[in-house]
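Data first, discussion second: the structure below is written as structure tokens.
2 protein chains.
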Amino acid sequence: MDQLKLHNQVCFPVYTLAKEIVNRYRPFLQDLDLTYPQYLVMLVLWEKDGQTVSQIGEKLNLDSGTLTPLLKRLEQKKIIARSRSEKDERTVIISLTASGESLKDKAQNVPSQLVGSLSISVDELQKLRRIIDQILSNI
Amino acid sequence: MDQLKLHNQVCFPVYTLAKEIVNRYRPFLQDLDLTYPQYLVMLVLWEKDGQTVSQIGEKLNLDSGTLTPLLKRLEQKKIIARSRSEKDERTVIISLTASGESLKDKAQNVPSQLVGSLSISVDELQKLRRIIDQILSNI
DNA sequence: TACTATTAAATTGTGTGAAATTTAATTTGG
DNA sequence: CCAAATTAAATTTCACACAATTTAATAGTA
Chain S
683 MDQLKLHNQV CFPVYTLAKE IVNRYRPFLQ DLDLTYPQYL VMLVLWEKDG
733 QTVSQIGEKL NLDSGTLTPL LKRLEQKKII ARSRSEKDER TVIISLTASG
783 ESLKDKAQNV PSQLVGSLSI SVDELQKLRR IIDQILSNI
Chain X
683 MDQLKLHNQV CFPVYTLAKE IVNRYRPFLQ DLDLTYPQYL VMLVLWEKDG
733 QTVSQIGEKL NLDSGTLTPL LKRLEQKKII ARSRSEKDER TVIISLTASG
783 ESLKDKAQNV PSQLVGSLSI SVDELQKLRR IIDQILSNI
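If you're matching them up, the sequences are chains S and X in order.
Basically this note's numbering = 1-based index in the first sequence + 682.
Basically this note's numbering = 1-based index in the second sequence + 682.
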């Protein structure tokens with residue numbers, strides 16, 4: 683068996699599925715005027731408001747090279763605010779604006795819409811999560 | 683349970699794993715002077731030389747907006763050649779150069795290196811593939 | 001206390017991805 | 001046969017990702 687044949691690759695399906703998921707999210711997220719990475723940042727902030735750029739980056743595995751411009755776009759949309767910490771002027775604290783906070787209500791049904799559009803059972807999804815979490819925990 | 687909590691998301695792990703896989707490939711692919719998407723294109727061509735841009739795009743789920751500049755970079759590296767079809771001047775045929783063909787030898791051990799670096803059993807990887815293929819087939 | 005090292009963001013440069021438009025070539029229907 | 005529709009790439013625009021460097025602020029140390 684040829685190791686270099688595309689259909690024998692294990693990683694290509696993961697790569698394809700990830701792109702497909704982002705595409706599936708797109709129509710739902712367009713209603714919120716968010717891209718998928720922007721949505722992930724908002725999830726992090728909805729869970730705990732007032733985090734630094736690095737804290738957000740740790741949770742999403744993104745560095746400042748990605749986050750700085752993304753956060754500036756969220757700032758332009760007026761759903762977050764960026765301010766320097768008083769204790770340490772190096773750190774930038776990201777906080778939700780009122781409209782960023784209220785966007786959470788509109789986002790409530792996004793997960794169920796998405797899962798519905800994938801046409802797969804919750805059980806299979808759990809299995810998928812378990813295996814991926816196991817791989818990621820080894821990294 | 684809060685549907686909007688990051689750790690309850692099913693898609694975030696897939697997104698994270700895909701990025702992590704690309705990062706894992708990077709050091710091995712740097713030896714070949716290829717990025718991961720460029721490597722995927724080469725896999726397609728090593729399997730069958732002389733395909734059109736659309737044929738490559740169908741196999742990798744990429745459109746000309748992504749492929750055209752990518753293919754031009756591979757052309758600059760002199761591992762592929764681009765030529766218009768004589769039958770239909772609209773289509774561009776991508777073919778391997780001698781050095782593109784011989785790059786396949788250097789690529790032979792990439793898959794095993796990659797799987798080794800993921801520290802997961804082949805069995806688990808098969809399970810992962812099966813679930814993902816099932817999801818993708820429903821799309 | 002200066003000097004150095006470290007840290008946090010920002011910046012720069014390269015390379016995807018996707019949507020929308022454009023250009024050129026080919027097909028098709030009247 | 002010829003105008004209209006279709007098709008294939010290319011182009012344009014926007015938004016990630018990541019590596020590497022830079023800038024500014026803080027911490028540590030002789």
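Yeah, the Cβ is synthetic: ideal placement off N, Cα and C, and Gly gets one too.
Since the model is a prediction, treat every value here as computed from it, not as a measurement.
Thinking C-beta only, is residue j closer than 8 Å to residue i?
i, j, result
"residue 693/X", "residue 796/S", "yes"
"residue 695/X", "residue 738/S", "no"
"residue 762/X", "residue 727/X", "yes"
"residue 802/S", "residue 690/X", "no"
"residue 715/S", "residue 759/S", "yes"
"residue 756/X", "residue 741/S", "no"
Using C-beta distances below 8 Å, list every residue in its chain close to residue i, excluding the 5 sequence neighbours before and after it, in chain order.
i, result
"residue 765/X", "774, 775, 777"
"residue 735/S", "746, 749, 750, 753, 773, 774, 776"
"residue 684/S", "690"
"residue 670/S", "Nothing can be reported for residue 670/S: it is not among the residues displayed for chain S, which extend from 683 to 821."
Is it right to say residue i is buried, meaning 16 or more other beta carbons lie within 10 angstroms of its own, or is it exposed?
i, result
"residue 816/S", "exposed"
"residue 812/X", "exposed"
"residue 656/X", "Because chain X in this structure spans residues 683 to 821, residue 656/X falls outside the shown range and cannot be described."
"residue 808/X", "exposed"
"residue 706/X", "buried"
"residue 790/S", "exposed"
Which same chain residues end up closer than 7 Å to residue i when comparing Cβ atoms and leaving out the 5 residues on each side of it in sequence?
i, result
"residue 767/S", "773, 775"
If we count Cβ pairs, one from each stretch, closer than 8 Å, do we get three or more for the region 783-791 of chain S versus the region 768-785 of chain X? No, because fewer than three Cβ pairs between the region 783-791 of chain S and the region 768-785 of chain X fall closer than 8 Å, the two stretches do not touch.
Within 8 Å of chain X by C-beta, residues of the region 746-777 of chain S in sequence order: Flagged: no residues at all.
Is it true that the region 704-720 of chain S meets the region 715-723 of chain X, where meeting means three or more beta-carbon pairs spaced less than 8 Å apart? The region 704-720 of chain S, when compared against the region 715-723 of chain X, does not touch it at the 8 Å Cβ threshold.
Decide yes or no for the touch test of the region 690-706 of chain X against the region 696-704 of chain S: beta carbon pairs closer than 8 Å, at least 3 of them. At 8 Å Cβ cutoff, the stretches touch.
Contact residues within the region 693-712 of chain S, judged by C-beta distance below 9 Å to chain X: Taking 9 Å as the Cβ-Cβ cut-off, the region 693-712 of chain S approaches chain X at 693, 694, 695, 696, 697, 698, 699, 700, 701, 702, 703, 704, 706, 707, given in chain order.
What residues in the region 723-740 of chain S bring their beta carbon closer than 8 Å to a beta carbon of chain X? Contacts with chain X (Cβ-Cβ distance below 8 Å) from the region 723-740 of chain S involve 725, 726, 728, 729, listed in chain order.
If the cut-off is 9 Å on Cβ atoms, which residues from the region 775-797 of chain S count as contacting chain X, listed in chain order? If the cut-off is 9 Å between Cβ atoms, the region 775-797 of chain S has 786, 789, 790, 791, 792, 793, 794, 796, 797 near chain X.
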